[in-house]
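In terms of our numbering, the sequence shown is residues 4 to 143.
From the three backbone atoms N, C-alpha and C, an ideal C-beta is built for every residue, glycine too.
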Amino acid sequence: ATGTIEFVQAEMTKQGEWCKSFQGVDSVMHLQAWNPYPEATWEDCRLSMDITNNAIAAAQQNGVRRFIYASSNHVFGRYWREGATLSESKKPITAETLPNPGTRFRVPSYDCDATPYAAAKLAGECALRTATANTPGFSG
Numbered sequence: 004a005t006g007t008i009e010f011v012q013a014e015m016t017k018q019g020e021w022c023k024s025f026q027g028v029d030s031v032m033h034l035q036a037w038n039p040y041p042e043a044t045w046e047d048c049r050l051s052m053d054i055t056n057n058a059i060a061a062a063q064q065n066g067v068r069r070f071i072y073a074s075s076n077h078v079f080g081r082y083w084r085e086g087a088t089l090s091e092s093k094k095p096i097t098a099e100t101l102p103n104p105g106t107r108f109r110v111p112s113y114d115c116d117a118t119p120y121a122a123a124k125l126a127g128e129c130a131l132r133t134a135t136a137n138t139p140g141f142s143g
């Protein structure tokens, strides 16, 4: 398949002119978070949720077929803190594992709670799941 890729940068916390950029588009790749770093605040979380919900709504309104959403391993962060791994030897995380946000981000001389960032990503997953279930021809 051939086509074009267009990068659109916009203020997406509210619906606006940027929504028109979704017209005639087959697929949208949504990588955005208001603050994409572990130290995001709950206000950053709210803004990220607004942006994701607006992007999904714009895609639905403009007949976009595919919505590709970048989530985060932080959605499963509390499992990592409890010793989970991707191996079969200890508490494996699989496609059926329920989300469990709660990551502590630690590096020398820095420690923060990444739960707000994870919560925004999890809310995006849920919003997209609902949108795809309720919009014929829309996949995520």
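- request: May I have the straight-line CA-CA distance separating I71 from A62, to the nearest angstrom?
  value: Working through the sequence shown from its first residue, we reach residue 71 at position 68. Working through the sequence shown from its first residue, we reach residue 62 at position 59. Each residue's Cα considered, the two are about 11 Å apart.
query: How is the beta strand (DSSP E) around S30 delimited, first residue to last?
result: The sequence position of residue 30 within the sequence shown is 27, counting from 1. Segment S30 to H33, the beta strand (DSSP E) holding S30.
- request: List in chain order: all unbroken alpha helix (DSSP H) runs of 4+ residues lying wholly within the segment 9 to 85.
  value: 45 to 64 and 80 to 84
message: Contact between the segment 53 to 61 and the segment 97 to 109 is defined here as three or more beta-carbon pairs at a separation below 8 Å; is this criterion met?
response: no
message: I'd like the list of long-range same chain contacts for S51, defined as Cβ closer than 6 Å, with 5 residues on each side in sequence excluded.
response: Walking along the sequence shown from the start, residue 51 turns up at place 48. A36, W37 and A123, listed in sequence order.
query: Do E128 and S75 come within 7 Å of each other at the CB atom, strictly closer than that value?
result: Position 72 of the sequence shown, counted from the first residue, corresponds to residue 75. Position 125 of the sequence shown, counted from the first residue, corresponds to residue 128. In this structure, E128 does not lie closer than 7 Å to S75 by Cβ.
message: Here's the rule I'm using: 16 or more other beta-carbon atoms within 10 Å means buried, otherwise exposed. How should Y120 be labelled?
response: Within the sequence shown, the letter at position 117 stands for residue 120. Y120 comes out buried.
- request: Note down the Cα distance separating T16 from V110, rounded to an integer number of angstroms.
  value: As a first step, residue 16 is located in the sequence shown; it is residue number 13 there, counting from the start. As a first step, residue 110 is located in the sequence shown; it is residue number 107 there, counting from the start. Taking the straight line from one Cα to the other gives about 31 Å.
Sub-7 Å separation of F25 and N65 beta-carbons: Within the sequence shown, residue 25 is the residue found at index 22, counting from 1. Within the sequence shown, residue 65 is the residue found at index 62, counting from 1. Cβ distance < 7 Å, so F25 and N65 count as in contact.
- request: Can you tell me which of the three DSSP states P104 falls into?
  value: In the sequence shown, counting from the first residue as 1, residue 104 sits at position 101. Three-state result, P104: coil.
query: In whole angstroms, what is the alpha-carbon distance linking P104 and W21?
result: As a working note, residue 104 is residue 101 in the sequence shown. As a working note, residue 21 is residue 18 in the sequence shown. Going by the C-alpha atoms only, they are around 31 Å apart.
task: Find the nearest neighbour of F10 within the set G19, L34 and Q18, judged by alpha-carbon distance.
output: In the sequence shown, residue 10 corresponds to position 7, counting from 1. For F10, the nearest C-alpha among the options comes from L34.
T118, buried or exposed, once every other Cβ within 10 Å from all chains shown has been counted against 16: As a first step, residue 118 is located in the sequence shown; it is residue number 115 there, counting from the start. Buried, since its Cβ has 16 or more Cβ neighbours within 10 Å.
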